[in-house]
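> The structure that follows is given in the form of C-alpha cells.
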Amino acid sequence: MIGIIGYGSYLPRYRIKVEDIAREWGSDPASIKRGLKLFEKTVPGLDEDTITISVAAAKNALKRAQIDPKDIGAVYIGSESHPYAVKPSATILIDALGIGPDVHVASYEFACKAGTEAMFVANSLVKAGEVKYALAIGADTSQGAPGDALEYSASAGGSAFIMGAENVVADILFSNSYTSDTPDFWRREHEFYPRHAGRFTGEPAYFRHVVSAGKLLLEKSKMKPEDFDYAVFHMPNGKFPQVAGKKLGFTEGQMKVGWIAPWMGNTYSGSSPTGLSAILDEAKPGNKIFMVSFGSGAGSDGFIFNVTDKILDVQDKAPKLRDYLDNNKIYIDYGQYAKFREKIILNK
Amino acid sequence: MRDVAVIGFGMTKFGELWNKSIKDIFVEASLNAIENAGVDHIDSMYVGAMSSGLFVGQEHIAAVMADYLGMAPVPSTHVESACASGGMAFRQAYLDVASGNSEIVLAGGVEKMNDGADVTAALATAADQEYEVYNGVTFPGLYAMIANAHMHEFKTTSKQLAAVAVKNHLNGFNNPNAQFRSKISIDTVLNSTMVSDPLHLLDCSPITDGGAAVILCPLDMAKKFTDKFVKIIASTQASDSIALYERKSFTSLNAVSNAAEKAYKQCNLKPTEIDLAEVHDCFTISEIVVSEDLGFFNKGKGGLAVEEGKTSIESGEIPINTSGGLKSKGHPVGATGIAQIIEVYEQLTGQAGKRQVKNARIGLAQNMGGSGASCTINILEAI
C-alpha cells in the first residue's frame, strides 16, 4: 500500500471580500457572487510567500506523519509563484525543516496543477522504491492583475502531502493524467501577471481536461461516481468545479467538503490539494475520494484515494483546514490589499 | 431587372465554436447551402464579414473563402457594413443575378468572434471613432441612450424591453441552431447584471461564432433545382449619420424607415401584409424601435406591442424574430443578415418546424449596422 502518510495545509489570516474589490473597479459584486460563486479570498501578508506557506503546510504534514524528516528522500514544490525565477524553493524548505542533504528536490510549474504533479511524482518514486518518503507540496501566492477577473479569485495558501508505504492514511488506488497543448492562460518571462483567453479558459480548457481526465479515471478504476464519498476538483472559482463534477455524475453532497473556493479563492497549485486536505480532516476509514486537478496549458491529474483506519490517529495532530479557513481572520480593504500584494510602486 | 429566387440554404450551429476556424465555419455553411440547393456550380459569391481582420487577423476574406470552398476562379467579393454585412452581401448577390450578370450566386456570411480578440473594441470600430468611441462610448452605451430616450418620450418600460428577450428566447428554444436554447422569465432579465442602464445583460445579444449561406438564381430557373424556392420581391438599402448625436431623434432609425418605405413601394405591399419579420435585435430596444420604423406599430407603441404578445408566433399579428433573433440564436455579426434570410426562407417554405408561422406567405428581413447608420431590407414571397 502506497499513499499519503501525513498531510497538512496553511492559509494566511488576511481576507478581502468580493465587495471591496468590486467597489474599486465599478463592478457589481452581486453578479460576481452569483456568477462565479466567490465571496472572499485569502491574501498573503507582506512576509509570506510560496516558501513560507510551503514550510507551514509541510510542518503540519510532518506533525501528522510522525517521521524523521531525514528519511524524506524527495521534496517537490509545485507553484506558479516561486519567489525565485532561478533558485529552487525547496532548498530553503529542507533547511527549515531538517530534511536532507540526502534528498532530491525540484520546483514544479504547470499553472494550477503543479501541486498535483508533485504528488504524482512523489507517489511514483515511493512506489518504485527509490525513496522511503517523498514530500509533495502545492502552494501559491497567486497573481491576478488589478481590474482583471482573476483578481476576485487569485489567493494564497497551500497543502503538503508526505507519501510513504507504512502507516498510510490514504491509499492512492489509481492516478492518471490528461494533457494537451491548449493555451488558455499563461505568463511569459518578465511579466508580473498572467494573461488569459477569457471564455476560452472554460469549455475547451478547464472542462475538457477535467471531465476527460475524470472519465478516464473512472474507466481505469472501473468505479462509478456513486462509489465515492467525496469528490474534489480544481477550483478556479466556485462555479466551475460544481459544473464539472455534475457533468461527471457527482452530487453537490459529495463535493461539499472539498468545495472551499467561495471562501478561500483560488490558491492555484494549492487549490484541489487543499480541498483534499479539508476532506482528509473529516474522512472516515473506508471512505473513497475522487480528485481531479487542472493546470492551464493544459492538463489534469486524477487520483483515487481509499482512506484507511490510520486516518483517525492523525487528524487531530495538526490544525485542520477549517481552522485556518474559518478562524482568526483579519479583513483588509483594497488599499491594504494593494500594499500587501505590492501593487503600489514606492519611491525607495 | 429579372426576378430572382432563393433556392437553398446552409448554416452552422451558432455559438462558441472553439474547434472551428473562420474558414471551417464558412465552408461548412456554404457546402450545406450548395447541397441543399442542388446546384453543381456557382458563378460568383459574396462574403459578408464585419471584421475578420480584428477578430482573427485574416483579411482578403473573399479570396480566402473562394479558395477554401474550392470555387476559385469564380469572382468572390467581400461585403462589409458592420453588423449588416450579411444582409448587404445578400443584396449584392441579388443585384448580380437580377442584372443578368450571373446565374447561380452564393451569398454567405461569417464571423469568428471567440478567438481571443477584444470583441467590444472590435465591434466599436463600427461607431464614429472620433466623436463616439474616443469619448468612451461603445455599443451597449449607444443603445442605452436610445433606450433612455424611448423610455422618456413614450414611457417604454424595462419590463417591455425584457419582454423582447423572453419572447426571443422562447422562439430560440425551438431552433436547433440557436446559441442559447433556454427559456427565460422577465425577472431573470431584470435581475441580470446591469451592462449600461437600462440595458441588462439579457437585453444584449451575445458574442457568437457562426456562418450562414444561401443560393440565389433567376426565378425562372429555380424549378430546375428544387421545389422549395421563394421569390425576392424587394431589396433595399439606406444609410444615416454614423454618430448618434447628429440625429434629430434618438427614438427613430432613419435608415430603417427609409429602406422600409422603398421596400414596401418596390413590392407594392403595406406593413400589415407582412406575415413575419426577422429584425435586428442586437439589443432589446432595437427590436422595439425597428418594429415601429418598419410600420408594424405606431411610433412609441412597440414596447406595448411586445408586452401584449402581438409579436409572438402564436399572435398571428406580426411574429417577429421567430428564429430567436440575435438575442437567442446568437449574433456572429457578418452571418446575421444571411441567417435572417434563412429563417424567412424556412418559414415561407414550411420548414420551420415548431417555429412555423401558419400560412406564412410574405416575410421581411431587416439587418442594420452600428447604431443604424446602415440598413438593408429584403422581402421574400412564397411561391
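Heads up: the protein sequence lines correspond to chains E and P, in order.
Quick note: the first sequence, position 215, residue 215 per our numbering, numbers continuous.
Start counting at 1 in the second sequence, then tack on 1000, and there's your number in our numbering.
Beta carbons are placed, not taken as given, at the ideal position from N, Cα and C, and that holds for glycine.
(1) Output the residue ranges of the alpha helix (DSSP H) runs that lie fully inside the stretch 1132-1213 of chain P and measure 4 residues or longer, sorted by chain position.
(2) Does any residue of chain E have a CB that is nearer than 8 Å to the CB of P/Thr1120?
(3) Which of the three DSSP states is assigned to E/Asp350 in this structure?
(4) Give the DSSP-derived three-state secondary structure of E/Ile344 in the structure shown.
(5) According to DSSP, P/Ala1238 sits in a beta bridge with which residue or residues?
(6) Counting only runs that start and end within the stretch 76-143 of chain E, where is the beta strand (DSSP E) found for 3 or more residues in a row?
(7) Could you give the DSSP three-state label for E/Ala56: helix, strand or coil?
(8) Excluding sequence positions up to five away, which residues of its chain have a Cβ less than 7 Å from the Cβ of P/Asp1197?
(9) Name the DSSP beta bridge partners of P/Tyr1264, please?
(10) Looking at C-alpha atoms only, which residue of E/Trp186, E/Asn266, E/Thr42, E/Val232 is the closest neighbour of E/Leu248?
(11) Quick one: which chain E residues come within Cβ less than 7 Å of P/Thr1193?
(12) Hey, is E/Ala170's beta-carbon within less than 8 Å of any beta-carbon in chain P?
(13) Nearest chain E C-beta to P/Gly994 closer than 8 Å, yes or no?
(14) Express the C-alpha separation of E/Ile94 and E/Pro88 in angstroms, rounding to a whole number.
(15) Please confirm whether E/Ala298 has its beta-carbon closer than 8 Å to some beta-carbon of chain P.
(16) Show which residues of chain E have a CB atom less than 8 Å away from the CB atom of P/Asn1135.
(17) Expressed to the nearest angstrom, what Euclidean distance is found between the alpha-carbon atoms of E/Leu312 and E/Leu62?
(18) For E/Phe200, return the contacting residues in chain P, with the cut-off set at a CB-CB distance below 9 Å.
(19) With respect to the beta strand (DSSP E) encompassing P/Ala1072, which residues constitute its N-terminal and C-terminal limits?
(20) Name the two residues that bound the continuous alpha helix (DSSP H) containing P/Thr1336.
(21) State yes or no: is the beta carbon of E/Glu24 nearer than 8 Å to at least one beta carbon in chain P?
(22) Quick test of the definition: if touching needs 3 or more C-beta pairs under 8 Å, does the stretch 1237-1257 of chain P touch the stretch 1330-1343 of chain P?
(23) Among P/Gly1300, P/Phe1250, P/Gly1015, P/Tyr1046, whose alpha-carbon lies nearest the alpha-carbon of P/Ser1030?
(24) Apart from the five residues on each side of it in sequence, which residues of its chain come closer than 7 Å, Cβ to Cβ, to E/Gly245?
(25) Should E/Ile344 go down as buried or exposed, given a rule of 16 or more other Cβ atoms within 10 Å for buried?
(26) Applying the 10 Å Cβ sphere with the 16-neighbour rule, what's the burial state of P/Val1290?
(27) When the Cα atoms are used, what is the spatial distance from P/Leu1123 to P/Ala1117?
(28) So P/Ile1042 is in the alpha helix (DSSP H); what residue range does that whole segment cover?
(29) Roughly how far, in whole angstroms, is the beta-carbon of P/Ile1288 from the beta-carbon of P/His1150, given that I think they are within contact range, below 8 Å?
(30) Please name the residue in P/Gly1109, P/Val1105, P/Asp1128 whose C-alpha comes closest to that of P/Ala1222.
Quick look at the numbers:
(1) Qualifying alpha helix (DSSP H) stretches, in chain order: 1139-1154, 1158-1172, 1186-1191.
(2) On the second sequence, residue 1120 of chain P is found 120 positions in, with the first residue counted as 1. No, no contact with chain E.
(3) It is not possible to answer for residue 350 of chain E, since the shown part of chain E is limited to 1 through 348.
(4) Sequence index remark: in the first sequence, residue 344 of chain E carries index 344 (1-based). If DSSP states are grouped into helix, strand and coil, E/Ile344 belongs with coil.
(5) The residue labelled residue 1238 of chain P in the question sits at position 238 within the second sequence. P/Ala1238 pairs with P/Cys1375.
(6) Whole beta strand (DSSP E) segments, 3+ residues: 104-108, 133-141.
(7) Residue numbering aside, residue 56 of chain E sits at position 56 when the first sequence is read from its first letter. Here E/Ala56 carries a helix assignment [DSSP, helix/strand/coil].
(8) Your numbering for residue 1197 of chain P matches position 197 in the second sequence. Counting only Cβ-Cβ distances below 7 Å, and skipping sequence neighbours, we find Ala1144.
(9) On the second sequence, residue 1264 of chain P is found 264 positions in, with the first residue counted as 1. Beta-bridge partners assigned by DSSP to P/Tyr1264: none are found.
(10) The count along the first sequence starts at 1 and reaches residue 248 of chain E at position 248. When only C-alpha atoms are compared, the closest one is E/Val232.
(11) The residue labelled residue 1193 of chain P in the question sits at position 193 within the second sequence. Chain E residues near P/Thr1193: Asp28, Ser31.
(12) Residue 170 of chain E sits at position 170 when you count from the first residue of the first sequence. It does not: the Cβ of E/Ala170 has no partner Cβ on chain P nearer than 8 Å.
(13) Outside the displayed span of chain P (1001 to 1383) sits residue 994 of chain P, for which this structure offers no information.
(14) On the first sequence, position 88 is the one that residue 88 of chain E refers to. On the first sequence, position 94 is the one that residue 94 of chain E refers to. Straight across, the Cα-Cα distance linking E/Pro88 with E/Ile94 is about 11 Å.
(15) If you number the first sequence from 1, residue 298 of chain E lands on position 298. By this cut-off, E/Ala298 is not an interface position.
(16) Taking the first residue of the second sequence as position 1, residue 1135 of chain P is located at position 135. Per Cβ cutoff of 8 Å: no residues; P/Asn1135 is ~17 Å from chain E at best.
(17) The residue given as residue 312 of chain E occupies position 312 in the first sequence. The residue given as residue 62 of chain E occupies position 62 in the first sequence. Approximately 16 Å, taken between the alpha carbons.
(18) In the first sequence, counting from the first residue as 1, residue 200 of chain E sits at position 200. Chain P residues near E/Phe200: Glu1016, Trp1018, Asn1114, Asp1115, Gly1116.
(19) As a position in the second sequence, residue 1072 of chain P is number 72, starting the count at 1. Judged by DSSP secondary structure, P/Ala1072 falls outside any beta strand (DSSP E); it is assigned neither H nor E.
(20) Stepping through the second sequence from its first residue, residue 1336 of chain P is reached at position 336. Where P/Thr1336 is concerned, the enclosing alpha helix (DSSP H) stretches over 1333-1348.
(21) On the first sequence, position 24 is the one that residue 24 of chain E refers to. Interface with chain P (8 Å Cβ-Cβ cutoff): E/Glu24 is excluded.
(22) The stretch 1237-1257 of chain P makes no contact with the stretch 1330-1343 of chain P: fewer than 3 CB pairs, one atom from each, lie closer than 8 Å.
(23) By one-based count along the second sequence, residue 1030 of chain P stands at place 30. Per the Cα distances, P/Tyr1046.
(24) Here residue 245 of chain E refers to the residue found at position 245 when the first sequence is read from its first residue. Leaving aside the five residues that flank E/Gly245 on each side, the residues in its chain whose CB is nearer than 7 Å to its CB run, in chain order, Ala231, Phe233, Met255.
(25) Translated into positions along the first sequence, residue 344 of chain E becomes position 344. Exposed, because fewer than 16 other Cβ atoms sit within 10 Å of the Cβ of E/Ile344.
(26) Position 290 of the second sequence, counted from the first residue, corresponds to residue 1290 of chain P. Around the Cβ of P/Val1290, a 10 Å sphere holds 16 or more other Cβ atoms; the residue is buried.
(27) In the second sequence, residue 1123 of chain P corresponds to position 123, counting from 1. In the second sequence, residue 1117 of chain P corresponds to position 117, counting from 1. When rounded, the distance between both Cα atoms is 11 Å.
(28) If you number the second sequence from 1, residue 1042 of chain P lands on position 42. Bounds of any alpha helix (DSSP H) do not take in P/Ile1042, whose DSSP letter is neither H nor E.
(29) As a working mapping, residue 1288 of chain P is identified with position 288 in the second sequence. As a working mapping, residue 1150 of chain P is identified with position 150 in the second sequence. Taking C-beta atoms under 8 Å as the contact rule, P/Ile1288 and P/His1150 qualify, at a distance of about 7 Å.
(30) Mapped onto the second sequence, residue 1222 of chain P falls at position 222. With distances taken between Cα atoms, P/Ala1222 lies closest to P/Val1105.
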